[in-house]
Amino acid sequence: MISRIILNLLQVIVVMAFSPLVKGVLNRLEAMVQSKRGPGILQPYRDIRKLLHKEEVVSEQASWIFRVTPYVVFVTPIFVTLLIPVLTNYPLFFAFMGDMLGGGFILALGGFFATIAAIDTGNPYGPMGASRTRMVGFLAEPVFMIVFFTVSFVAGSTIPYIVQEAWVTPLSNFFEPSHVLVMLAFFMLIIAEAGRLPVDNPSGHFELAMIDESKILEYSGRGAALMKWG
0 MISRIILNLL
10 QVIVVMAFSP
20 LVKGVLNRLE
30 AMVQSKRGPG
40 ILQPYRDIRK
50 LLHKEEVVSE
60 QASWIFRVTP
70 YVVFVTPIFV
80 TLLIPVLTNY
90 PLFFAFMGDM
100 LGGGFILALG
110 GFFATIAAID
120 TGNPYGPMGA
130 SRTRMVGFLA
140 EPVFMIVFFT
150 VSFVAGSTIP
160 YIVQEAWVTP
170 LSNFFEPSHV
180 LVMLAFFMLI
190 IAEAGRLPVD
200 NPSGHFELAM
210 IDESKILEYS
220 GRGAALMKWG
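Quick note: the sequence shown uses numbering that gives the first Met the number 0, first residue 0, plus one each step.
This is how it looks when you write it as structure tokens:
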């Protein structure tokens, strides 16, 4: 049991450590698609470090929701990491404490707080980005439900570990047409939910066209670092 708890903690540390790297790789690929040089893949680490050393400025109109939201956005993916096996092919200590639907609810909690915080400050660009984010989420929800019910129906369960075992054991299942189509749908869903091209351009600086980035315009210092990291 102790070894599995250690593996759970190690899994969380690995996900936290490499999540900025994934963002850096995506930013570099987007720059290459646009025929630009783009920033280095380690730039998100530098941005987070710089923000952590800056003073945090909070609007006088902001309530406790604005102050709490960065921590909620940062912590909710960590809880999901405890449920989904990332480094192992066997269930860890918390694997059966929640299913995929529960993980989706946890992630939705972070998105809900981010939306409320964007409206809380009174900045006109925050509510615009929040409403656009909810609209994109509304359009992406049917895709999520199709992916969710497809993998659950094939595996006969909603537990992430059992679903993983059913889809990759034997390995030939991984290349079945239904699996390939579900992976493509899930990939498009990730693009929409993460606010990447062509749905959104995180590197853009035109406030009227921002979606996800406009929700964190009012954050600075540690709050901005946690929002970007989460």
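For every residue, glycine included, the Cβ atom is placed at its ideal position computed from N, Cα and C.
Going straight from the alpha carbon of residue i to that of residue j, what length do you get?
i, j, result
"methionine 226", "proline 69", "5 Å"
"threonine 80", "isoleucine 118", "28 Å"
"phenylalanine 137", "valine 153", "25 Å"
"glutamate 29", "isoleucine 4", "37 Å"
"aspartate 98", "tyrosine 160", "9 Å"
"glycine 37", "threonine 132", "25 Å"
"phenylalanine 61", "glycine 125", "Note that residue 61 is alanine in the sequence shown, not phenylalanine. Each residue's alpha carbon lies about 12 Å from the other."
"leucine 183", "isoleucine 47", "31 Å"
"valine 57", "proline 43", "23 Å"
"proline 84", "glycine 39", "29 Å"
"alanine 271", "phenylalanine 185", "The question about residue 271 has no answer, for the chain in this structure spans 0 to 229."
"proline 123", "glutamate 212", "13 Å"
"valine 245", "tryptophan 166", "Past the edges of the chain, shown from 0 to 229, lies residue 245, and the structure says nothing about it."
"valine 13", "serine 177", "30 Å"
"lysine 35", "serine 151", "41 Å"
"glutamate 164", "valine 74", "27 Å"
"leucine 41", "valine 135", "29 Å"
"arginine 45", "arginine 27", "15 Å"
"tryptophan 63", "methionine 127", "21 Å"
"methionine 96", "leucine 6", "16 Å"
One question on the structure: do residue i and residue j come within less than 8 Å of each other, judged by their Cβ atoms?
i, j, result
"valine 72", "phenylalanine 17", "no"
"glycine 229", "glycine 109", "yes"
"valine 143", "isoleucine 105", "In the sequence as presented, valine is not what sits at residue 143; that position holds phenylalanine. In this structure, isoleucine 105 does not lie closer than 8 Å to phenylalanine 143 by Cβ."
"lysine 214", "alanine 129", "yes"
"threonine 120", "glutamate 217", "yes"
"valine 181", "threonine 149", "yes"
"glutamate 54", "glycine 220", "yes"
"glycine 102", "leucine 86", "no"
"leucine 51", "alanine 224", "yes"
"leucine 188", "valine 146", "yes"
"phenylalanine 65", "alanine 107", "no"
Which two residues bound the contiguous alpha helix (DSSP H) that contains residue i?
i, result
"lysine 35", "From DSSP, lysine 35 is part of no alpha helix (DSSP H); its letter is neither H nor E."
"threonine 75", "63 to 82"
"phenylalanine 111", "99 to 119"
"isoleucine 47", "42 to 51"
"leucine 225", "220 to 228"
Does residue i come within less than 8 Å of chain D when only Cβ atoms are used?
i, result
"alanine 30", "Structure shown: chain D not included; a single protein chain is present."
Alpha helix (DSSP H) runs contained entirely in the segment 115 to 179, provided each spans 4 or more residues:
124 to 154 and 159 to 167
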